[in-house]
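Remarks on the structure that follows.
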Amino acid sequence: MGKNQHSKDRMFITATEWATLYGGKKKESQLSREFKNLPFDCCALTFQPFSNPVCTKNGVIYDLVNIVPFIRKYGIDPATGDKIQLKDLIKLNFHKNKDDKYHCPVTFKVFNEHTRITAVKTSGHVYAYEAIDQYNVKAKHWHDLMTDEPFKRSDLIDLQDPQHPEKNNFAAFYHVKNKGQLKDVSQAGASQPTSQLTAAGNNATSDVMKELDATEASWKTGPAIHSDTDFTRGLEDAQDNDHAAHYSTGEVSASFTSTHMSVRTRNRAAALEDDVVRYGRIKGKGYVRLKTSFGDINLELYCEQVPKTCENFLLLCRRGYYNNTIFHRLIRNFMIQGGDPTGTGKGGESAFADGKPFKDEFVHHLSHKGRGVLSMANAGPNTNRSQFFLTFRSCQHLDKKHTVFGQVVGGMDTLNDMERVPTDDSDHPQEEIKILKTEIFEDPFAAAEEAAVKERAEAAEKKKEIKKAADAANAAPKKHHSGVGQYISPAQLAQGGKRAGGSARDVPSGDSSTGASAPMSAKFRDLAAKRAKQGGGFGSFAGW
Numbered sequence: 001m002g003k004n005q006h007s008k009d010r011m012f013i014t015a016t017e018w019a020t021l022y023g024g025k026k027k028e029s030q031l032s033r034e035f036k037n038l039p040f041d042c043c044a045l046t047f048q049p050f051s052n053p054v055c056t057k058n059g060v061i062y063d064l065v066n067i068v069p070f071i072r073k074y075g076i077d078p079a080t081g082d083k084i085q086l087k088d089l090i091k092l093n094f095h096k097n098k099d100d101k102y103h104c105p106v107t108f109k110v111f112n113e114h115t116r117i118t119a120v121k122t123s124g125h126v127y128a129y130e131a132i133d134q135y136n137v138k139a140k141h142w143h144d145l146m147t148d149e150p151f152k153r154s155d156l157i158d159l160q161d162p163q164h165p166e167k168n169n170f171a172a173f174y175h176v177k178n179k180g181q182l183k184d185v186s187q188a189g190a191s192q193p194t195s196q197l198t199a200a201g202n203n204a205t206s207d208v209m210k211e212l213d214a215t216e217a218s219w220k221t222g223p224a225i226h227s228d229t230d231f232t233r234g235l236e237d238a239q240d241n242d243h244a245a246h247y248s249t250g251e252v253s254a255s256f257t258s259t260h261m262s263v264r265t266r267n268r269a270a271a272l273e274d275d276v277v278r279y280g281r282i283k284g285k286g287y288v289r290l291k292t293s294f295g296d297i298n299l300e301l302y303c304e305q306v307p308k309t310c311e312n313f314l315l316l317c318r319r320g321y322y323n324n325t326i327f328h329r330l331i332r333n334f335m336i337q338g339g340d341p342t343g344t345g346k347g348g349e350s351a352f353a354d355g356k357p358f359k360d361e362f363v364h365h366l367s368h369k370g371r372g373v374l375s376m377a378n379a380g381p382n383t384n385r386s387q388f389f390l391t392f393r394s395c396q397h398l399d400k401k402h403t404v405f406g407q408v409v410g411g412m413d414t415l416n417d418m419e420r421v422p423t424d425d426s427d428h429p430q431e432e433i434k435i436l437k438t439e440i441f442e443d444p445f446a447a448a449e450e451a452a453v454k455e456r457a458e459a460a461e462k463k464k465e466i467k468k469a470a471d472a473a474n475a476a477p478k479k480h481h482s483g484v485g486q487y488i489s490p491a492q493l494a495q496g497g498k499r500a501g502g503s504a505r506d507v508p509s510g511d512s513s514t515g516a517s518a519p520m521s522a523k524f525r526d527l528a529a530k531r532a533k534q535g536g537g538f539g540s541f542a543g544w
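The sequence shown begins at 1 in the UniProt record's numbering and counts up one residue at a time.
Here you go:
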């Protein structure tokens, strides 16, 4: 409580009170309460970050793959409701920094919600307006800052202006306010060709449009999403136990959560690739001998750890691919390289389809450590073919660059003799070192294939026996005559009615033609007489 507590109790209304509390206060508009600003890097149709941005002459940004189907179907601008064609769209070229954020390519300032962002219509490049203002407007230099392409002041398009944020208020967009009331005009005439879209000198747009056209064509020619044929397709696809994964294809959950997927009511095991199944059976190591002009070298192959590389080497050896080839490169205290039939270091093919290169197989505990390490030569990542090299010393700087797949286990003296051969300035041995032939002692891949064939044959035979037993168990019993005991064979009746594992009392005896059995009839008569004698009611109590 202060002594001047009533000093502000004026006998009149101040200007501030009038403007904020009483008659001068303006009622807040509905649009202000519902103002929702759209980030500059989002599509104005889907409100998701764009990947192929285009814009209209009003500066509204869309993603190319979203706006094209919309214009084809409705023929209007989703933001304003005005009529628009594909040729009115302008391809935008945003630039990113090393942190993957959009920025101005001139000032290098990162774009945010407070940046005035401007695009040049003729080139499609996007800049901060301060760069346009300083280097184009004030300097009266009407050329694009990136391409030096001439343009007019009217070619400048504001994509974002903090002083006029109402343009990016997606709550006021036409397609939001009139949702469900848009008129489909796609059937009124032929769809607009995507060639009308101006790419602003960028070929990426045409590639995206070709992909979009192909996708739409597949939608039109493909089967209905929920067709009866598609409903049952693939449910009963046969999968052998070897290629069945421990996880499913996920079709049931996908069809439940996505309306684009056909309905699936049964899970199926996913199919594993053939290489995954085959390499999973590989046990043990492979052994190969290289017979060279300097002597023999025995190699041990790590087939279990790097199966693809070892299979390639063993297949080439089996085909005689390395026979009469030379070691074309030798560096003392480093390595000796061979495996190229041309002898130049630029040839060689893999053992797989069309001789295509295969991927690297890096294992953390396999290193270029020590003398006699066998490794693949390549021209870069995933370019392995037929060339290989043997090390003369540790070369651990080659780890994760070349695939280690074996080592020398015999013939170190031969390797020593090779290292002593003099070379020229291009590291070519001056004395020819030739691989005369190769001999395979142990091939785990062939053994695994033989075991797999044997297992499949045994499994097929076992399945056949199980099916035969099931058919026999489900077969209808054979009738030998009519009446009671019609399924009992005459041979059993001749033996006194005995069954296998049973006794004579298990089956009725007597005249089978009449269907009567004397012992059974007598038993039934005795039981009927006993029940008749007992009668009903309480009877007498003489026995008490």
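Every residue gets a Cβ at the ideal spot worked out from N, C-alpha and C, and that includes glycine.
Please say whether residue j and residue i have beta carbons closer to each other than 7 angstroms?
{"i": "residue 243", "j": "residue 271", "result": "yes"}
{"i": "residue 52", "j": "residue 63", "result": "yes"}
{"i": "residue 394", "j": "residue 355", "result": "no"}
{"i": "residue 104", "j": "residue 135", "result": "no"}
{"i": "residue 158", "j": "residue 122", "result": "no"}
{"i": "residue 432", "j": "residue 326", "result": "yes"}
{"i": "residue 88", "j": "residue 120", "result": "no"}
{"i": "residue 59", "j": "residue 92", "result": "no"}
{"i": "residue 375", "j": "residue 402", "result": "yes"}
Can you have a look at residue i and say buried or exposed, based on whether 16 or more other CB atoms are within 10 angstroms of its CB?
{"i": "residue 483", "result": "exposed"}
{"i": "residue 12", "result": "exposed"}
{"i": "residue 373", "result": "buried"}
{"i": "residue 229", "result": "Here residue 229 scores only 40 on pLDDT, less than 50, and its place in the model should not be relied on; the value that follows carries that caveat. By the 10 Å Cβ count, residue 229 comes out exposed."}
{"i": "residue 329", "result": "buried"}
{"i": "residue 400", "result": "exposed"}
{"i": "residue 178", "result": "exposed"}
{"i": "residue 152", "result": "exposed"}
{"i": "residue 68", "result": "buried"}
{"i": "residue 284", "result": "exposed"}
{"i": "residue 20", "result": "exposed"}
{"i": "residue 455", "result": "exposed"}
{"i": "residue 363", "result": "exposed"}
{"i": "residue 466", "result": "exposed"}
{"i": "residue 503", "result": "Note that residue 503 scores 48 on pLDDT, short of 50, meaning its location in the model is unreliable and no value can be drawn from it."}
{"i": "residue 436", "result": "exposed"}
{"i": "residue 79", "result": "buried"}
{"i": "residue 14", "result": "exposed"}
{"i": "residue 17", "result": "exposed"}
{"i": "residue 160", "result": "buried"}
{"i": "residue 388", "result": "buried"}
{"i": "residue 246", "result": "exposed"}
{"i": "residue 553", "result": "Examination of residue 553 is not possible in this model, given that the chain is present from 1 through 544 alone."}
{"i": "residue 237", "result": "Only weak support exists for where residue 237 lies, its pLDDT of 45 falling under 50; the coordinates are left without a value."}
{"i": "residue 308", "result": "buried"}
{"i": "residue 94", "result": "buried"}
Quick one, which of the options has its alpha-carbon nearest residue i's?
{"i": "residue 449", "options": "151, 100, 267 and 280", "result": "280"}
{"i": "residue 560", "options": "170, 13 and 417", "result": "Here the chain covers residues 1 to 544 and nothing more, so residue 560 does not appear."}
{"i": "residue 173", "options": "342, 248 and 81", "result": "81"}
{"i": "residue 477", "options": "316, 489, 290 and 440", "result": "489"}
{"i": "residue 167", "options": "366, 36 and 100", "result": "36"}
{"i": "residue 357", "options": "380, 384, 335 and 249", "result": "384"}
{"i": "residue 49", "options": "141, 381 and 61", "result": "61"}
{"i": "residue 183", "options": "74, 164, 338 and 470", "result": "74"}
{"i": "residue 322", "options": "308, 350 and 458", "result": "350"}
{"i": "residue 171", "options": "45, 459 and 381", "result": "45"}
{"i": "residue 313", "options": "377, 459, 334 and 98", "result": "377"}
{"i": "residue 296", "options": "129, 480, 70 and 414", "result": "414"}
{"i": "residue 162", "options": "181, 156, 112 and 185", "result": "112"}
{"i": "residue 248", "options": "451, 266, 54 and 258", "result": "266"}
{"i": "residue 86", "options": "380, 70 and 419", "result": "70"}
{"i": "residue 299", "options": "250, 311, 441 and 252", "result": "441"}
What does residue i pair with, by DSSP beta-bridge criteria?
{"i": "residue 110", "result": "103"}
{"i": "residue 361", "result": "In DSSP, residue 361 forms no bridge with anything."}
{"i": "residue 289", "result": "298 and 439"}
{"i": "residue 388", "result": "338 and 376"}
{"i": "residue 248", "result": "269"}
{"i": "residue 174", "result": "Per DSSP, none; premise fails for residue 174."}
{"i": "residue 150", "result": "143"}
{"i": "residue 278", "result": "Residue 278 is not bridged to any residue."}
{"i": "residue 127", "result": "118"}
{"i": "residue 404", "result": "375"}
Checklist entry - Should the stretch 406 to 424 be called in touch with the stretch 340 to 348, which here means at least 3 C-beta pairs below 8 angstroms? => result Contact fails: fewer than three Cβ-Cβ distances are below 8 angstroms.
Checklist entry - If we count Cβ pairs, one from each stretch, closer than 8 angstroms, do we get three or more for the stretch 291 to 308 versus the stretch 259 to 267? => result Touching, no, given that fewer than three Cβ pairs across the two stretches are closer than 8 angstroms.
Checklist entry - Does the count of Cβ pairs from the stretch 297 to 315 and the stretch 440 to 447 closer than 8 angstroms reach three? => result Three or more Cβ pairs closer than 8 angstroms define a contact, and the stretch 297 to 315 meets that threshold against the stretch 440 to 447.
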